[in-house]
Amino acid sequence: MRILIANDDGIYSPGIAALAKVAKKFGEVRVVAPDVEQSSMGHAVTHSRPLTYKKSPIEFPGIEAYRVNGTPADCVALGTHLWSNTDVVLSGINMGPNLGNGMWHSGTLAAAKQAVLLGMKGIALSTPVGNTEPDFEALAPYVEETLALLLEKKELALYNVNFPSEPRGLKWTRQSVRLYDGTIIPGTDPMGRKHYWFTVTPLEPAEEGTDRWAVENGFVSITPLRLDLTNEMELQKLSNEHPL
Ligand code: MN
Numbered sequence: 527m528r529i530l531i532a533n534d535d536g537i538y539s540p541g542i543a544a545l546a547k548v549a550k551k552f553g554e555v556r557v558v559a560p561d562v563e564q565s566s567m568g569h570a571v572t573h574s575r576p577l578t579y580k581k582s583p584i585e586f587p588g589i590e591a592y593r594v595n596g597t598p599a600d601c602v603a604l605g606t607h608l609w610s611n612t613d614v615v616l617s618g619i620n621m622g623p624n625l626g627n628g629m630w631h632s633g634t635l636a637a638a639k640q641a642v643l644l645g646m647k648g649i650a651l652s653t654p655v656g657n658t659e660p661d662f663e664a665l666a667p668y669v670e671e672t673l674a675l676l677l678e679k680k681e682l683a684l685y686n687v688n689f690p691s692e693p694r695g696l697k698w699t700r701q702s703v704r705l706y707d708g709t710i711i712p713g714t715d716p717m718g719r720k721h722y723w724f725t726v727t728p729l730e731p732a733e734e735g736t737d738r739w740a741v742e743n744g745f746v747s748i749t750p751l752r753l754d755l756t757n758e759m760e761l762q763k764l765s766n767e768h769p770l
């Protein structure tokens, strides 16, 4: 199995090294990641300037690794173009969760989505970061268990996986869409000028069965996603009310 690994934290992130190490147990691995951090870039692609594909300045033992001057989705599009017959794209492990409505901004998830658009399986993997960096050694057995589960399935699919800092099991979940944690916080720069930070604020506990609920309760959250955004109920309702 050919496994391409991307992320949005950039080629230097310890999360991508941790993921590559586990992924090696499942097949042939290649790393293609942004040369600088591209978090919260969503599914942006670069179309107004050329992209470059250069050897990674840091070593991934036994793995070919490249850096791209573009977005996470660029890395997947270019990486799979230059490495034919890629079977699956893994994105992460992101330093920070990608849960609920936060998925809309996620560059980590976008890399996995790009894989599915191109006809490959895509799996996004993320973990929260507290005051200390994630203990990727401790997470490794759960990453391996998750990959064994999801890589075994033959069908084309998109999965969003989030690991709590100390997992106690795995759960199938749905996306929590009840609340949104994005907030604008005003501040002042050293010159006294007003500026603004886009940040996230803690939310009230999530509904049982959702991705946020699972991670809050110490479970690895695995959410199967789809690319079709059509609101089926609304489509049905409109078609009945206003036949066109
Ligand atoms: Mn990130």
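Each residue of the sequence shown is one higher than the one before, counting from 527 in this note's numbering. The C-beta atom is built at its ideal place from N, Cα and C for all residues, glycine as well.
Proximity to residue i [Cα-Cα], best of the options
{"i": "A650", "options": "G656, L676, G553 and K551", "result": "L676"}
{"i": "G656", "options": "G648, C601, S691 and K639", "result": "S691"}
{"i": "H631", "options": "G553, G708, A732 and T756", "result": "G708"}
{"i": "E670", "options": "L643, K550 and A638", "result": "K550"}
{"i": "P660", "options": "F689, K679, V594 and A638", "result": "F689"}
{"i": "T658", "options": "A636, P667, M621 and Q640", "result": "M621"}
{"i": "Y722", "options": "E730, I710 and P598", "result": "I710"}
{"i": "T578", "options": "R556, M567 and L608", "result": "L608"}
{"i": "V594", "options": "G588, F586 and S582", "result": "S582"}
{"i": "V602", "options": "P654, M629, A636 and P540", "result": "A636"}
{"i": "S702", "options": "A732, R752 and T727", "result": "A732"}
{"i": "P587", "options": "K580, P576 and V548", "result": "V548"}
{"i": "V726", "options": "M629, G536 and L761", "result": "M629"}
{"i": "G596", "options": "K580, N611, I589 and E590", "result": "K580"}
{"i": "V469", "options": "R752, E760 and L761", "result": "Since the first residue of the chain shown is 527 and the last is 770, residue 469 is not available in this structure."}
{"i": "T606", "options": "A638, K720 and S566", "result": "A638"}
{"i": "Q564", "options": "P750, G633, R704 and K679", "result": "G633"}
{"i": "A666", "options": "A546, Y538, I537 and G536", "result": "A546"}
{"i": "S566", "options": "F552, G536 and E678", "result": "G536"}
Integer Cβ distance of residue i from residue j, believed to fall under 8 Å
{"i": "I619", "j": "A740", "result": "The Cβ separation is near 16 Å, so there is no contact."}
{"i": "P700", "j": "G648", "result": "Per the sequence shown, the amino acid found at residue 700 is Arg instead of Pro. Not really, about 18 Å apart at Cβ, beyond 8 Å."}
{"i": "P540", "j": "F662", "result": "6 Å"}
{"i": "S747", "j": "K697", "result": "6 Å"}
{"i": "P598", "j": "P560", "result": "6 Å"}
{"i": "R528", "j": "E554", "result": "5 Å"}
{"i": "V558", "j": "I589", "result": "With a Cβ gap of about 11 Å, V558 and I589 do not count as contacting."}
Exposed unless 16 or more other CB atoms sit within 10 angstroms - verdict on residue i
{"i": "F745", "result": "buried"}
{"i": "A664", "result": "exposed"}
{"i": "G718", "result": "exposed"}
{"i": "A674", "result": "exposed"}
{"i": "V562", "result": "exposed"}
{"i": "G645", "result": "exposed"}
{"i": "R800", "result": "Nothing about residue 800 can be read from this structure; the chain reaches only from 527 to 770."}
{"i": "D754", "result": "exposed"}
{"i": "P584", "result": "As written in the sequence, residue 584 is Ile, which differs from the Pro given in the question. Counting Cβ neighbours within 10 Å, I584 comes out exposed, since fewer than 16 surround it."}
{"i": "Y706", "result": "exposed"}
{"i": "M759", "result": "exposed"}
{"i": "L604", "result": "buried"}
{"i": "T749", "result": "buried"}
{"i": "T756", "result": "exposed"}
Residue i at chain C interface by Cβ criterion, 8 Å
{"i": "L644", "result": "In the structure shown, chain C cannot be found, because there is only a single protein chain."}
**Asked** Between the stretch 683-690 and the stretch 567-582, do at least 3 Cβ pairs fall closer than 8 Å?
**Response** Touching, no, given that fewer than three Cβ pairs across the two stretches are closer than 8 Å.
task: Indicate whether the contact test is met: 3 or more Cβ pairs, each with one atom in the stretch 530-541 and one in the stretch 613-629, closer than 8 Å.
output: Contact between the stretch 530-541 and the stretch 613-629 is present, because at least three Cβ pairs lie under 8 Å.
Flag this pair as touching only if the stretch 736-754 and the stretch 622-634 have three or more C-beta atom pairs under 8 Å; answer yes or no.
yes
Give every residue whose Cβ lies closer than 5 Å to any heavy atom of the ligand MG, listed in chain order. For the structure depicted, the ligand MG is absent and the ligand set comprises only the ligand MN.
Practice prompt. Report yes or no: do the stretch 758-766 and the stretch 710-719 share at least 3 C-beta pairs separated by less than 8 Å?
Written response: With the rule of 3 Cβ pairs closer than 8 Å, the stretch 758-766 does not count as touching the stretch 710-719.
Mind pulling the beta strand (DSSP E) runs of 3 or more residues that sit fully within the stretch 618-662? 647-653
| message | I'd like the ranges of any beta strand (DSSP E) spanning at least 3 consecutive residues and lying wholly in the stretch 663-718. | response | 684-688, 696-698 and 708-714
Counting only runs of 3+ residues fully inside the stretch 547-601, write out the beta strand (DSSP E) ranges in chain order. 554-560, 579-581 and 590-594
For the stretch 732-764, which segments carrying the alpha helix (DSSP H) assignment without a break, of at least 4 residues, lie completely within its bounds, in sequence order? 737-742
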